[in-house]
Amino acid sequence: MLSAQKRDTWKLILLFFLPAVFIWLTTLVIPFFYGIWISFVKWDGIGNNYTFVGIANYTKIFRSAKFWASLNRTAVYTVATVILSNILGIALGLLLTSPLKGRNVFRTAIFVPNVIGGVAMGYIWKYIFHYGLTAVGKSTGIPWLATSMLSDPTKAMAALVIVSSWQLSAYLMIIYVAGFTNVPQELVEAADVDGANAWQVFWNVRLPMIRSSITICLFLAIIRSFMVFEVNMALTDGGPFNSTEMIAYRIYNTAFVSLKFGDAQAQAVVLFVIVALISVLQAYFTSRKEVQM
Amino acid sequence: MFKKLISLLIALALMLSLAVAVAEPVTISFYSTQAGVDEATVALLGKFMEEHPDIKVEYYPCGDDQLAAWLALYSAGTAPTVSMLDVGQILNYSDYMYNFNDGNTEWMSDVITGWNYVQKEGSDAIYGIPSSYQGFSLMYNKRLVAEVLGADFDVNTVNTKDKLIEFFDKFEAAGIPATVVFSADWALGAHYLGCQLFSEWLGDKDTQRAVLKGLYTGETKLMELEHFHNVMDMFDVLKKYNINKADPLADTQEGDLEMLATGKTATMFQGDWNWLQIQTFAERDDLGFMPFPLTNDEANPLNGTIRGSCPKGYCVDIYQNTPEQQAAGVELAKWLALSDAGKEFMITQLGSTLPFTNVTTPNGNPLAVSTQEYLEADKVLDISTYICESPTDFWLIVGPYMQAYLVDQMDRETLAAEIEAYFQDL
Chain Z
387 MLSAQKRDTW
397 KLILLFFLPA
407 VFIWLTTLVI
417 PFFYGIWISF
427 VKWDGIGNNY
437 TFVGIANYTK
447 IFRSAKFWAS
457 LNRTAVYTVA
467 TVILSNILGI
477 ALGLLLTSPL
487 KGRNVFRTAI
497 FVPNVIGGVA
507 MGYIWKYIFH
517 YGLTAVGKST
527 GIPWLATSML
537 SDPTKAMAAL
547 VIVSSWQLSA
557 YLMIIYVAGF
567 TNVPQELVEA
577 ADVDGANAWQ
587 VFWNVRLPMI
597 RSSITICLFL
607 AIIRSFMVFE
617 VNMALTDGGP
627 FNSTEMIAYR
637 IYNTAFVSLK
647 FGDAQAQAVV
657 LFVIVALISV
667 LQAYFTSRKE
677 VQM
Chain S
346 MFKKLISLLI
356 ALALMLSLAV
366 AVAEPVTISF
376 YSTQAGVDEA
386 TVALLGKFME
396 EHPDIKVEYY
406 PCGDDQLAAW
416 LALYSAGTAP
426 TVSMLDVGQI
436 LNYSDYMYNF
446 NDGNTEWMSD
456 VITGWNYVQK
466 EGSDAIYGIP
476 SSYQGFSLMY
486 NKRLVAEVLG
496 ADFDVNTVNT
506 KDKLIEFFDK
516 FEAAGIPATV
526 VFSADWALGA
536 HYLGCQLFSE
546 WLGDKDTQRA
556 VLKGLYTGET
566 KLMELEHFHN
576 VMDMFDVLKK
586 YNINKADPLA
596 DTQEGDLEML
606 ATGKTATMFQ
616 GDWNWLQIQT
626 FAERDDLGFM
636 PFPLTNDEAN
646 PLNGTIRGSC
656 PKGYCVDIYQ
666 NTPEQQAAGV
676 ELAKWLALSD
686 AGKEFMITQL
696 GSTLPFTNVT
706 TPNGNPLAVS
716 TQEYLEADKV
726 LDISTYICES
736 PTDFWLIVGP
746 YMQAYLVDQM
756 DRETLAAEIE
766 AYFQDL
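Here it is, written out as structure tokens:
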């Protein structure tokens, strides 16, 4: 028999624990396993008429050149966005932790893209690429600016990376600002005394000290890039001619335009496995190099 | 005595609760895929409830994600009783929809055209009541046509492919780009190719179905189909005269419509629903529809037509709604489509063309007026076979191929092969 005190402790634990578990189960665990079930059936999205098709939805994926093309371009986009957004995030973090007049204003201003929704931002940039930059190109006679970046498959992909990195770097900046703020000042001063120049202080002192921030930022950037949807839909709509259709957008279209819910769910499961694997490996390898204080 | 009193009280309570239950109105819901008119829709439903005090209607507005939001309501077990959906979607989910061919079909006498669009091949069940009609063709700027070709010029005389080219040339000679091609995948895939390819140009519904089915079985070879070449030849004409031909994919719907409405270009292939956007421009000229000919056969009346169909309809759920709710839903669907208040809403709020008789409310949408005129003159080619029976993702897959064709990244033979491969893969 539990003592009265232990019973009270357990009651308290359950009081705090159960609501969270209930929410976790109903919003994450159950939909997750339900989603896996859907990937093995043919379903119209409404009724209870599930036709079990075994692994047919998965074999379709492995035969679908378009799925792999979409996954491949998502990987390319992810690599480019993760690198660019983190370099920008670190640069902004460094800049905004240095003694700079009005840096709080800059921090807020730079973070604003994260407050704007992805769809609104995508449409704004679409107008910039279609009409703003082309007007500059035409008036200045710069030929590569005179046509929209969104009309060309390679340039459209670059535009997607630029816009995503612009938004994501501002988010990562906040984490890097926190990281740089926590670098002990005495280490920086010691390096200065030893005659290290600014680059050496950054490369050998500050950067190693923010490795935990880098781990987090890489993790977030990988996940967000692999799952990119809103900007993809609003900025390029997967075009021109499907050349920027990322995997999350493809899954959405398979479900809600093609009405092939089983196929879409199988694609989503494959994407989940890939992203989970990459994220876990990334977190494992980058965290090994973190400096423990 | 006490027992009697208790019995009396219980009986009284039961009677009271029964009376309350009888007086309780039936609660139903309405989901609309017409975005941007939520307040007016709520007011319209208020009017319905005033006229039908025994029915209470809850309104579910749609977001950007029309079908996904609708399906989410089903997943939550709160399926809308009445939904205004694309007719293709009504047919996709017809197993869950009320059959309006229930013996009370007097409403059909008010419908000029369209109720048969929400039917399946070989079945007499009717799964929806049409809510509006839409015309597609070349929209033209009336001021520009009057300036370049004279106030008396009749656009209906442009009834062959060569005459259309001549028409375009006159604008080009006047220094005005003749047309703009809206390059969105859905516009090129669905509105241009899909609606043209499977229209009455091919013949009656059975002939259209045969071509469509032939694509599934591989019997239809597009490169051997004269109609496919006619449609694509005209697309080549539009490509040639496109104001955006230097960078055809660098456009937006709003930008293209503004060019047409403000006289920067003379024509644009699209539909009458675009008025909702055009009317928001501070400056705009009067617009109308002109025929979109496909061949040089002047004697062929089809060359003097525009295309049209009922895009949306009202349907009633029978899967998650009770028989009482279904009955109330049928009442609401008929009222929305056919009552004066419902018609007035569609005309004043959405500028829709209506496929009904006894429409007295003047329409402020000149394109809808134009559609109505062609409809009354029997000069509209029906495109409902495509709208109702083509695969739901036709535009999604074929639209990007059309974009590639527009920018000369794909030739006609490859386009035909890709479309055929898509159907074979379904």
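Chains Z and S, in that order, give the protein sequences. Quick note on the numbering used here: the first sequence kicks off at 387 and runs consecutively. Quick note on the numbering used here: the second sequence kicks off at 346 and runs consecutively. For glycine and all other residues, C-beta sits at the position ideal for the given N, C-alpha and C.
- In the structure shown, R629(S) adopts coil according to DSSP, grouped into three states.
- The three-state secondary structure of T524(S), taken from DSSP, is strand.
- In this structure the segment 654-665 of chain S touches the segment 471-489 of chain S; the number of beta carbon pairs closer than 8 Å is three or more.
- Chain-ordered listing is empty here: chain Z has no CB closer than 9 Å to the CB of P406(S), the nearest sitting near 17 Å.
- Assigned with DSSP and collapsed to three states, P406(S) falls in strand.
- Check the Cα spacing between T607(S) and each of T524(S), L683(S) and L583(S): the tightest is with T524(S).
- Following the DSSP letters along the chain, one finds V563(Z) in no beta strand (DSSP E) but inside the alpha helix (DSSP H) bounded by residues P539 to T567.
- Relative to R629(S), the option among T610(S), D399(S) and Q541(S) whose CA is nearest is T610(S).
- For N443(Z), the enclosing alpha helix (DSSP H) begins and ends at A442 to R449.
- The beta carbons of C603(Z) and L558(Z) sit about 5 Å from each other, so the pair counts as a contact at 8 Å.
- Distance from the CA atom of S629(Z) to the CA atom of T540(Z), rounded to whole angstroms, is 8 Å.
- At a cut-off of 8 Å between beta-carbon atoms, T597(S) makes contact with chain Z.
- Along the segment 622-644 of chain Z, going in chain order, the ones with a CB nearer than 9 Å to a CB of chain S are D623, G624, G625, P626, F627, N628, S629, E631, Y638, N639, T640, A641, F642, V643 and S644.
- Here DSSP, grouped into helix, strand and coil, assigns P656(S) to coil.
- Residue-level contact check: A762(S) does not touch chain Z, since none of the beta carbons of chain Z fall below 8 Å from its beta carbon.
- The beta carbon of H516(Z) is closer than 7 Å to those of S534 and L536 in its chain, skipping five residues each way along the sequence.
- Taking a beta-carbon distance threshold of 8 Å, Y767(S) does not count as an interface residue toward chain Z.
- Pairing G479(Z) with F566(Z) gives a Cβ-Cβ distance under 8 Å.
- Nearest to T426(S) by C-alpha distance, out of F573(S), C407(S), S374(S) and N461(S), is S374(S).
- Every alpha helix (DSSP H) stretch that sits fully inside the segment 579-640 of chain S and reaches 4 residues is listed by chain position as 598-606 and 620-623.
- Within a 10 Å sphere around the beta-carbon of L542(S) sit 16 or more other beta-carbons, which makes this residue buried.
- M568(S) counts as exposed, since fewer than 16 other beta carbons sit within 10 angstroms of its beta carbon.
- Taking 8 Å as the CB threshold, L536(Z) lines the interface with chain S.
- V505, K512 and Y513: these are the residues of the segment 490-513 of chain Z whose beta carbon lies less than 8 Å from some beta carbon of chain S, given in chain order.
- By the neighbour-count criterion, in which 16 or more other beta carbons inside 10 Å mark a residue as buried, K506(S) falls on the buried side.
- Scanning G674(S), T716(S), G563(S) and E545(S) for the CA closest to the CA of N645(S) turns up E545(S).
- Counting C-beta atoms within 10 angstroms of its own C-beta, A576(Z) has fewer than 16 neighbours from the protein chains shown and is therefore classed as exposed.
- The segment 447-458 of chain S and the segment 631-641 of chain S do not touch, with fewer than 3 CB-CB distances between them shorter than 8 Å.
- In this structure the segment 761-770 of chain S touches the segment 549-564 of chain S; the number of beta carbon pairs closer than 8 Å is three or more.
- Here S374(S) carries a strand assignment [DSSP, helix/strand/coil].
- Contact between F481(S) and V490(S) is ruled out by a C-beta separation of about 19 Å, above the 8 Å threshold.
- Annotated as distal: P593(S) and L483(S), with beta-carbon spacing of 8 Å or more.
- Within the segment 590-620 of chain S, those residues whose Cβ lies closer than 8 Å to any Cβ of chain Z are, in chain order, A591, D592, P593, L594, A595, D596, T597 and G600.
- For T423(S), no CB of chain Z lies under 8 Å from its own CB, so it is not counted at the interface with that chain.
- For Y485(S), the uninterrupted beta strand (DSSP E) run begins and ends at Q479 to N486, by DSSP.
- Boundaries around S428(S) are those of the beta strand (DSSP E), V427 to D431, since no alpha helix (DSSP H) includes it.
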